[in-house]
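Last residue of the sequence shown: number 599 in the working numbering, and the count goes up by one each step with no gaps. Single-structure report; data block below.
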Amino acid sequence: MRPVETIPGMGQTKPLTLERTINLYPLTNHTLDTKEPLCEKDSSVAARFQRMREEFDKIGMRRTVEGVLIVHEHQLPHVLLLQLGTTFFKLPGGELNPGEDEVEGLKRLMTEILGRQDGVLQDWVIDDCIGNWWRPNFEPPQYPYIPAYITKPKEHKKLFLVQLQEKALFAVPKNYKLVAAPLFELYDNAPGYGPIISSLPQLLSRFNFIYN
């Protein structure tokens, strides 16, 4: 019998999930193709923050979603990252349109970035939000909380676990490489991957992985 959690003041109960199981499949199960380069919206970091300022005045806080895709090699979890150049890594995702649903928006972005070219739609399975990060100012620092003195964050970024099927075909833009980074390489490695990606080992530790 599953334990239940009482919702204060409502007299209702809901199931309490103590263990969440996720199926992982080998990296070699997945096929990579290439497609036309994916152009960045901003030519520089300064241009990115300038556009963020302009949009904040019009539509308010930017909402960003990113997908965490996991495979395994020799029963070690690896996160799929997009690599641009030699030292820049990021999770697939991007900005939501005003009023756009988070999950549907992430599916749209995943298809734009990694969707195959033959017209077959990829079935992105998105069930778990695993992290929230906020940007308090028009500057690089982001935090997994809203600082006490901030009333209007400039960006809210949500991380979602995207469960992969047993086999998948990814079409990677020519200006990126899709790399599989093991959790032990990401752990405590903010200098190499930034604070968000390097926090993924802790965020993913609540899952029970099944290696198929």
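Glycine included, every Cβ here is placed at the ideal spot set by N, Cα and C.
The region 527 to 536 / the region 505 to 514 touching (three or more Cβ pairs under 8 Å): no
C-alpha gap between GLY480 and GLU460, whole angstroms: What you label residue 480 is simply residue 93 of the sequence shown in a count that begins at 1. What you label residue 460 is simply residue 73 of the sequence shown in a count that begins at 1. Going from the Cα of GLY480 to the Cα of GLU460 covers about 24 Å.
Proximity to LEU425 [Cα-Cα], best of LEU496, THR415, TYR574 and GLN589: Along the sequence shown, read from residue 1 onward, the residue named residue 425 stands at position 38. With distances taken between Cα atoms, LEU425 lies closest to LEU496.
Neighbourhood of LEU493 by C-beta, 7 Å cutoff - its chain only, sequence neighbours within 5 removed: For this step, residue 493 is matched to residue 106 along the sequence shown. So the qualifying residues of the chain are VAL452, GLY454, GLY480, ILE513 and PHE547.
Same chain, Cβ closer than 6 Å to ARG440, five either side skipped, listed in chain order: Here residue 440 corresponds to residue number 53 of the sequence shown, with the count starting at 1. For ARG440, where only same-chain residues beyond five positions count, the Cβ hits under 6 Å are PHE525.
Close-in-space but distant-in-sequence residues of the same chain around MET388 (CB under 6 Å, 5 per side omitted): Against the sequence shown, residue 388 aligns to sequence position 1. Unreliable positioning characterises MET388 in this predicted model, as indicated by a pLDDT of 49, which lies under 50. A coordinate reading is not provided.
PHE571 - containing beta strand (DSSP E), residue span: By one-based count along the sequence shown, residue 571 stands at place 184. Careful: PHE571 lies outside any beta strand (DSSP E), inside the alpha helix (DSSP H) at 570 to 573.
LEU591 - containing alpha helix (DSSP H), residue span: Translated into positions along the sequence shown, residue 591 becomes position 204. Segment 587 to 591, the alpha helix (DSSP H) holding LEU591.
Backbone secondary structure at ASN595 - three-state DSSP: Taking the first residue of the sequence shown as position 1, residue 595 is located at position 208. Three-state DSSP puts ASN595 in a strand.
Buried or exposed (CB count within 10 angstroms, at least 16 for buried), VAL432: As a first step, residue 432 is located in the sequence shown; it is residue number 45 there, counting from the start. The residue is exposed, with fewer than 16 neighbouring Cβ atoms inside 10 Å.
Environment of ARG522 [buried if 16+ CB atoms lie within 10 Å]: Here residue 522 refers to the residue found at position 135 of the sequence shown. It is buried - the Cβ of ARG522 has at least 16 other Cβ atoms within 10 Å.
Length-filtered (3 minimum) beta strand (DSSP E) runs lying within the region 539 to 578: 542 to 550, 556 to 560 and 564 to 569
Touch test, the region 443 to 452 against the region 579 to 589, Cβ-Cβ under 8 Å, three pairs minimum: no
8 Å Cβ shell around ARG438 - same chain, five flanking residues per side excluded: As a first step, residue 438 is located in the sequence shown; it is residue number 51 there, counting from the start. Counting only Cβ-Cβ distances below 8 Å, and skipping sequence neighbours, we find LYS428 and ASP429.
GLU460: first and last residue of the uninterrupted beta strand (DSSP E) it sits in: The sequence position of residue 460 within the sequence shown is 73, counting from 1. Per DSSP, GLU460 belongs to the beta strand (DSSP E) from 449 to 460.
Spatially closest choice to THR408 from GLY518, LEU570 and GLN550, by CA coordinates: Along the sequence shown, one-based indexing puts residue 408 at 21. THR408 has its Cα closest to that of GLN550, out of GLY518, LEU570 and GLN550.
Cβ-Cβ distance between THR466 and LEU587 below 7 Å: Position 79 of the sequence shown, counted from the first residue, corresponds to residue 466. Position 200 of the sequence shown, counted from the first residue, corresponds to residue 587. The question names Thr, but residue 466 is Val in the sequence shown. Yes, the Cβ-Cβ distance between VAL466 and LEU587 is below 7 Å.
Close Cβ partners of TRP511 (< 7 Å) along its chain, the five nearest in sequence each way excluded: Position 124 of the sequence shown, counted from the first residue, corresponds to residue 511. Counting only Cβ-Cβ distances below 7 Å, and skipping sequence neighbours, we find LYS494, MET497 and VAL549.
The beta strand (DSSP E) enclosing LYS477, as first and last residue numbers: Here residue 477 refers to the residue found at position 90 when the sequence shown is read from its first residue. First-last of the beta strand (DSSP E) with LYS477: 475 to 477.
Whole-angstrom C-beta distance between LYS554 and TRP520, which should lie under 8 Å: Counted from its first residue, the sequence shown places residue 520 at position 133. Counted from its first residue, the sequence shown places residue 554 at position 167. Not a contact, Cβ separation roughly 32 Å.
Range covered by the alpha helix (DSSP H) that runs through LEU468: Taking the sequence shown and counting its residues from 1, one reaches residue 468 at position 81. No alpha helix (DSSP H) holds LEU468; the beta strand (DSSP E) holding it covers 463 to 471.
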